[in-house]
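Using this note's numbering, you'd call the opening residue of the sequence shown number 830 and step up by one each time.
In this text, a Cβ means the ideal position worked out from N, Cα and C, and glycines have one as well.
Here the structure is laid out as structure tokens; the discussion comes afterwards.
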Amino acid sequence: MKKIIIPVVILVAFVVIPMLALNFIEKEYKNKPRNVPAKHETGQAFADKVRIQGGEHMVRFGSEKIAELLPKYERDKKNLDILADLVHHYNSIAKGYKQLYKNEKAKEPHAKSLKYLAEYEQAMEKDWSQRHEIISDSNMLKIINYYIHINPIEEKEKYWKQKWLDLNLEKWENGEQTYQVAYWIRGMSAHLLERDPVTGKHPGIEESQHWGKIMDEIGKPKDWNPSQPW
């Protein structure tokens, strides 16, 4: 009798009970309400959502920055960094409105961006005599960028690129003979110098090769990672 009972107990413990438990779990899973994830938005609906979210973020973030900058501007209206940031953030707001297809609303921040760009340029010209002390590389790169993208005027772009070239040549002559200075002299020389209509030669190519050799002699810094500012 004991021999019969023991196998039955084993059968119940290791086969029947696990099967009953598995059936119970399956029923519970089937009957339990589940949150079915919505289908991923695709096509135009998704593109519109991204466009709207991006535009709203640009308007909101730009407005927050302008609110921080204007009191600083009132205290120091000739500060180059403040003026540059005002140009950038007003332009960002205008771009945000355009992305939202609100072109009328974009007109005011765009006009203000141009207003502060004019003030920025005036302040740069005024401080040019102290350019090595007051005007930073960032200030120069930003004004070139603005005359390419925010208020595209080719004459202004060339004018400030020429000043940027002259400034780097002065740095070189004053002993700042670094890889970065040579890099900008090479780039601006190649861009600004025009082909000779008589000989057909392009002096910019020779200048570029000359300064490229100097850069090789100096050696690229380990963490050198130039970015195209425009």
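Kindly indicate which residue of the options has the alpha-carbon position closest to the one of residue i.
{"i": "G891", "options": "E984, E948, Y976 and A935", "result": "A935"}
{"i": "Y1052", "options": "R904, K924 and Y1008", "result": "Here the sequence assigns Asp to residue 1052, which means Tyr is not the residue at that position. Among R904, K924 and Y1008, the Cα nearest to that of D1052 is on Y1008."}
{"i": "K918", "options": "D905, L899 and D966", "result": "The sequence shown places His at residue 918, rather than the Lys named in the question. Selected option, being the one with the closest Cα: L899."}
{"i": "K894", "options": "D914, G925, H1039 and Y930", "result": "D914"}
{"i": "S775", "options": "D956, A1011 and K987", "result": "This structure cannot speak to residue 775, because the chain is shown only from 830 to 1059."}
{"i": "H1039", "options": "N1054, W1013 and P1055", "result": "W1013"}
{"i": "E1002", "options": "H961, K878, T871 and W957", "result": "H961"}
{"i": "K916", "options": "N997, K971, P1050 and W957", "result": "Lys is not the amino acid found at residue 916; the sequence shown has Val there. Measuring from the Cα of V916, the nearest candidate turns out to be K971."}
{"i": "K955", "options": "K907, P1050, L998 and R889", "result": "K907"}
{"i": "L996", "options": "D966, E937 and G872", "result": "D966"}
{"i": "D877", "options": "S1056, R889, Y930 and E897", "result": "Y930"}
{"i": "D1045", "options": "Q1006, N920 and E937", "result": "Q1006"}
Using 8 Å as the threshold, is the C-beta distance between residue i and residue j below it?
{"i": "K990", "j": "M1017", "result": "yes"}
{"i": "M969", "j": "I922", "result": "no"}
{"i": "Q973", "j": "W1059", "result": "The question names Gln, yet the displayed sequence has Ile at residue 973. Contact flag set, yes."}
{"i": "M953", "j": "L909", "result": "yes"}
{"i": "K901", "j": "I911", "result": "yes"}
{"i": "R880", "j": "Q928", "result": "yes"}
{"i": "L946", "j": "Y988", "result": "no"}
{"i": "G1033", "j": "A1019", "result": "yes"}
{"i": "R1015", "j": "G1041", "result": "yes"}
Is residue i a contact residue of the ligand ADP, with contact defined as CB to any heavy atom under 7 Å?
{"i": "A923", "result": "Judged by which ligands are present, the structure shown has none, so any question about the ligand ADP falls away."}
Between which two residues does the alpha helix (DSSP H) containing residue i stretch?
{"i": "K1049", "result": "Counting along the chain, K1049 falls outside any alpha helix (DSSP H), and DSSP gives it neither H nor E."}
{"i": "W993", "result": "E983 to E1002"}
{"i": "N968", "result": "D966 to H978"}
{"i": "E1005", "result": "No alpha helix (DSSP H) contains E1005, which DSSP labels as neither H nor E."}
{"i": "D877", "result": "G872 to R904"}
Three or more C-beta pairs below 8 Å linking the stretch 938 to 949 and the stretch 961 to 979:
yes
Of all the alpha helix (DSSP H) runs that stay within the bounds of the stretch 914 to 961, which reach a length of 4 or more residues?
Under the rule that a run must span 4 or more residues, the alpha helix (DSSP H) segments found entirely inside the stretch 914 to 961 read 932 to 955.
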